[in-house]
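J.: Have a look at the structure that comes next, please.
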Amino acid sequence: MNEIVQFMLPELGLTVLLFVLLFVRIVGKLELAGQVCQLMNIALPILALCMWFMPAPEGAQFGGMMISSKLIVTEKLLLLVGTWIISLFSSPWLRGHRHPAEFYMLMLSTLMGIFFLLSSGDFLLFFLALELSAIPLAALCNFDLEKHVSGESAMKMIFSSALSSGILLFGISLLYGATGTLSFVQIPALLDGSPLQIMAFVMIFTGFAFKLSIVPFHFWTADVYEGAPVPVTAFLSVISKGSMAFVFVSALYTVFRPLSEIWYIAITLLAVISMTVGNLFAIRQQNLKRFLAFSSIAQVGYLLIGISGSSIDGMSSVVYFVLVYVFSNLAAFAVITLVSSATSRETIDGLKGFHASNPLLAWVLALALFSLAGIPPTAGFFGKFFLLTAGAAKWNSPVLIVAALNMVVSLYYYLRVVKAMFMDSSDDTMIRLTPNVSVQFALLLCTAGILLLGFYSPAYEWIRSLSFGI
Amino acid sequence: MENTVSILRQIPLNNYILLSTLLFCIGVIGVLSRRNAIIILMCVELMLNAVNLLLAAFSAYNSDPAGQVFVFFIMAVAAAEVAVGLAILMMVFRNTGTVDINALNKLKG
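Pasting the structure below:
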């Protein structure tokens, strides 16, 4: 019994928090916004510490339904810390809102779905967890109930996630027919590349491509990101996207390893298209959230190059990249949340003269954008460096050249924002923003993450040592 | 149960695959081409039910209960998905007064 409790500690911890929130919501008054935020800002790091000091034992439980390894625990921990940062910097925005407890309920149930998804060892649990991590997220997109764009983004989110899980499910059912089992452990031995299995794989791959917003399945991304409230966009683009990247990599490397010749071609092709389309569309965006949406599509393209490499390097470079991506992207979103909730400006032009009024915040945003663009010595440089090194293992030089060219293109649009902040002056100057303690802490955490991960090399070695034996 | 399985097996497996692929394609085309949000949700249901049919047929042919158990979970999840979808649709309807997805055109770039 005790063993199972320790095995499911992250999920059980989130369940307890959900019940606490429900209780607070039932007995408490509506004016509890500040307290709910504070409670969660303290409870989430405590849960993270518990996961760190009492890691789930390796192995499988519930007849192979749930699996756990050191790598999975690390991935969960990373996503939990990311959620904590979002919770820290969204508190000023939530205080002006009528339903803070609901925000946390939806966010934590999504996170719980993600945890189950990472631990799943069977397509049944995989599907349930996938839906648990998608359905509350659509409700979260509609969090600004009175805004038309918020509803529109939620509508697009639920339709695209329903379509993608339908396609994924059709693939799962074909795979079940072709192999006669749903267990991740048994499937690889039964894969021989028959037409039915190939079709099943293509369907499952398409479903994943929708969730990861790989071009040509990306059309929902920009609209959903733009319409959703900024903290929700941060959750979508960092936590949800990062978790899908983890699951995608481990599915390709474990369940579909026998079909690697097939997915290798598909992945390199999609990587090239995703990078190019994402970058070219990001150039012409004015809205900051839309701009970050297209930049995230381009980043997924780089990620695919890492996946196309051999397994250990591919796995560890993807985990490292997501680790870096969490800190850099969340720093950017934290500043955008501050600006948007104080002045409701969300365009690049709205940031003109930002450095003159808020020098420190402008530097944080600039640092985050440098890291996203991959300029050394920020951590983003090493993230991309390791991805390309992993991809280079197969000597696939044309794809690597396209990736390098794309990184040059991406510099232009990231630096365009920096130029607007530092060089352009504006007629209506920005008011001086005063972030409260929790936002300051979130910004400090992100900045430290960006800089330290850039200088502290054992981080990658440590992730690499965890990736052995997947 | 044995009787049901033998009845299911009277029809060749290929027919099940063809029928459910056809249903699935109708569902996908409906999702992509219809303009009414409620009909889109119905088409999603059609897609998921095509999967259910396929899983039940494979389960009967493989003599393995896992597929039939999966069907129940899909039904429950589909109900949850439609519930959230309809709730969001209610909010959109309050803001725009229509369920036509052509009204969802504020986000462009």
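As you go down the protein sequences, you meet chains A and B in turn.
If you're matching positions, the first sequence starts at -15 in this note's numbering and goes up one per residue.
If you're matching positions, the second sequence starts at 7 in this note's numbering and goes up one per residue.
Backbone N, C-alpha and C fix where the C-beta goes; we use that ideal spot for every residue, glycine too.
Treat the numbers as computed from the prediction; the structure is a model and nothing was measured.
Which whole-angstrom value describes the C-beta separation of E136/A and L110/B, a residue pair presumed to lie in contact below a C-beta threshold of 8 Å?
T.: Looking up residue 136/A in the first sequence gives position 152. Looking up residue 110/B in the second sequence gives position 104. 4 Å between Cβ atoms; contact.
J.: Name the residues in the segment 212 to 230 of chain A whose C-beta lies less than 9 Å from a C-beta of chain B; which are they?
T.: none
J.: For W77/A, count the other beta carbons within 10 Å of its own beta carbon; 16 or more makes it buried, fewer makes it exposed. Which is it?
T.: Against the first sequence, residue 77/A aligns to sequence position 93. Buried, since its Cβ has 16 or more Cβ neighbours within 10 Å.
J.: So what does DSSP say about T331/A, is it helix, strand or coil?
T.: As a working note, residue 331/A is residue 347 in the first sequence. Under the three-state reduction of DSSP output, T331/A falls in the strand class.
J.: Whose C-alpha, out of F369/A, V133/A, F189/A, is nearest the C-alpha of V214/A?
T.: Position 230 of the first sequence, counted from the first residue, corresponds to residue 214/A. The residue with the shortest Cα to Cα distance from V214/A is V133/A.
J.: Listed in chain order, which residues of the segment 129 to 142 of chain A have Cβ atoms closer than 9 Å to some Cβ of chain B?
T.: Hits within the stretch, in order: L129, E130, K131, H132, V133, S134, G135, E136, S137, A138, M139, K140, M141, I142.
J.: From P120/A to L109/A, what distance separates their C-alpha atoms?
T.: Looking up residue 120/A in the first sequence gives position 136. Looking up residue 109/A in the first sequence gives position 125. For P120/A and L109/A, the distance between alpha carbons rounds to 17 Å.
J.: Can at least three beta-carbon pairs, one atom from the segment 209 to 228 of chain A and one from the segment 162 to 181 of chain A, be found at a separation below 8 Å?
T.: They do not touch, by the three-pair rule.
J.: Fully enclosed by the segment 194 to 221 of chain A, which alpha helix (DSSP H) runs are 4 residues long or longer?
T.: 203 to 211, 214 to 218
J.: Name the chain A residues that come within less than 8 Å of D70/B, Cβ to Cβ?
T.: Translated into the one-based positions of the second sequence, residue 70/B becomes position 64. Within 8 Å Cβ-Cβ: G164, T165.
J.: I need the straight-line Cα distance from A404/A to A346/A, nearest angstrom please.
T.: Your numbering for residue 404/A matches position 420 in the first sequence. Your numbering for residue 346/A matches position 362 in the first sequence. Looking at the two C-alpha atoms, the distance is approximately 10 Å.
J.: Apply the 10 Å Cβ neighbour rule to Y396/A and answer buried if 16 or more other Cβ atoms are within range, or exposed otherwise.
T.: The residue labelled residue 396/A in the question sits at position 412 within the first sequence. Burial state of Y396/A is exposed, judged by a 10 Å Cβ sphere holding fewer than 16 other Cβ atoms.
J.: DSSP has N42/B in a bridge; who is on the other side?
T.: Locating residue 42/B in the second sequence gives position 36, counting from the first residue. According to DSSP, which records beta bridges pairwise, N42/B is partnered with D106/B.
J.: Helix, strand or coil for D297/A, going by three-state DSSP, please let me know.
T.: Residue numbering aside, residue 297/A sits at position 313 when the first sequence is read from its first letter. In the structure shown, D297/A sits in a helix (DSSP, three-state: H, G or I).
J.: Beta-carbon within less than 7 Å of I51/A's beta-carbon, same chain only, minus the 5 sequence neighbours each way: which residues are those?
T.: In the first sequence, counting from the first residue as 1, residue 51/A sits at position 67. Apart from the 5 residues on each side of it in sequence, I51/A sits with its Cβ closer than 7 Å to the Cβ of A44, S103, G105 in its chain, given in chain order.
J.: Any beta carbon from chain B within less than 8 Å of A123/A's own beta carbon?
T.: Here residue 123/A refers to the residue found at position 139 of the first sequence. Yes, its Cβ sits closer than 8 Å to a Cβ of chain B.
J.: Who are Q45/A's beta bridge partners in DSSP?
T.: Start at 1 with the first residue of the first sequence, and residue 45/A comes out as number 61. Answer is M50/A, bridged to Q45/A.
J.: Under the rule that 16 or more other beta-carbon atoms within 10 Å means buried, what is R100/B, buried or exposed?
T.: Locating residue 100/B in the second sequence gives position 94, counting from the first residue. Classification for R100/B: exposed.
J.: Compute the distance between the beta-carbons of L52/B and G36/B, then report whether it is under 8 Å.
T.: Within the second sequence, residue 52/B is the residue found at index 46, counting from 1. Within the second sequence, residue 36/B is the residue found at index 30, counting from 1. The answer is yes: Cβ separation under 8 Å.
J.: Whose Cβ in chain A lies nearer than 7 Å to the Cβ of N101/B?
T.: One-based indexing of the second sequence puts residue 101/B at position 95. In chain order: H132, G135.
J.: Would you tell me roughly how many angstroms separate the C-alpha atoms of G155/A and A350/A, rounded to the nearest one?
T.: Taking the first sequence and counting its residues from 1, one reaches residue 155/A at position 171. Taking the first sequence and counting its residues from 1, one reaches residue 350/A at position 366. Spanning the two alpha carbons is a distance of roughly 43 Å.
J.: For L112/A, which residues in chain B fall below 8 Å Cβ to Cβ?
T.: For the purposes of this step, residue 112/A is identified with residue 128 of the first sequence, where counting begins at 1. Per Cβ cutoff of 8 Å: F79, V83.
J.: According to DSSP, is S324/A helix, strand or coil?
T.: Stepping through the first sequence from its first residue, residue 324/A is reached at position 340. Note: S324/A maps to helix in three-state DSSP.
J.: Reducing DSSP to helix, strand and coil, say where S409/A ends up.
T.: Within the first sequence, the letter at position 425 stands for residue 409/A. Correct three-state label for S409/A: coil.
J.: From T190/A to S148/A, what does the alpha carbon distance come to, in whole angstroms?
T.: In the first sequence, the residue the question calls residue 190/A occupies position 206. In the first sequence, the residue the question calls residue 148/A occupies position 164. Answer to the nearest angstrom: the Cα atoms are 7 Å apart.
J.: What do you reckon, is the C-beta of D70/B under 7 Å from a heavy atom of the ligand GDP?
T.: Absent from the structure shown: the ligand GDP. Ligands present: none.
J.: Following the continuous alpha helix (DSSP H) through A340/A, name the residue where it begins and the one where it ends.
T.: Taking the first sequence and counting its residues from 1, one reaches residue 340/A at position 356. Per DSSP, A340/A belongs to the alpha helix (DSSP H) from 338 to 341.
J.: Identify the contact partners of V90/B in chain A, using a Cβ-Cβ distance below 7 Å as the criterion.
T.: As a first step, residue 90/B must be located in the second sequence, where it is residue number 84. Under the 7 Å cutoff, chain A gives I119, A122, A123, I142.
J.: Could you give the distance in angstroms between the alpha-carbon of T163/A and the alpha-carbon of A63/B?
T.: By one-based count along the first sequence, residue 163/A stands at place 179. By one-based count along the second sequence, residue 63/B stands at place 57. Going by the C-alpha atoms only, they are around 14 Å apart.
J.: If the cut is a Cβ gap below 7 Å, which residues of chain B does N126/A touch?
T.: Taking the first residue of the first sequence as 1, we reach residue 126/A at position 142. Result: I94, M97.
J.: Under 6 Å Cβ to Cβ from L417/A, same chain only, skipping five residues before and after it: list those, please.
T.: In the first sequence, residue 417/A corresponds to position 433, counting from 1. The residues are L322, A326, N342.
J.: Among S441/A, L429/A, G438/A, which one has its Cα closest to the Cα of I69/A?
T.: By one-based count along the first sequence, residue 69/A stands at place 85. Checking every option, the nearest Cα to that of I69/A belongs to L429/A.
J.: Which chain B residues sit within Cβ distance under 9 Å of S280/A?
T.: To locate residue 280/A, count along the first sequence from 1; it is residue 296. Simply none; closest approach about 15 Å.
J.: Looking at chain A, is there any beta carbon in it that lies within less than 8 Å of the beta carbon of A66/B?
T.: Taking the first residue of the second sequence as 1, we reach residue 66/B at position 60. False, the Cβ-Cβ gap to chain A never drops below 8 Å.
J.: Taking contact to mean 3 or more Cβ pairs, one atom from each stretch, closer than 8 Å, check whether the segment 41 to 57 of chain B and the segment 75 to 91 of chain B are in contact.
T.: yes
J.: Whole angstroms are fine: how far does the CA of C21/A sit from the CA of I289/A?
T.: Stepping through the first sequence from its first residue, residue 289/A is reached at position 305. Stepping through the first sequence from its first residue, residue 21/A is reached at position 37. Between I289/A and C21/A, the C-alpha separation is close to 39 Å.
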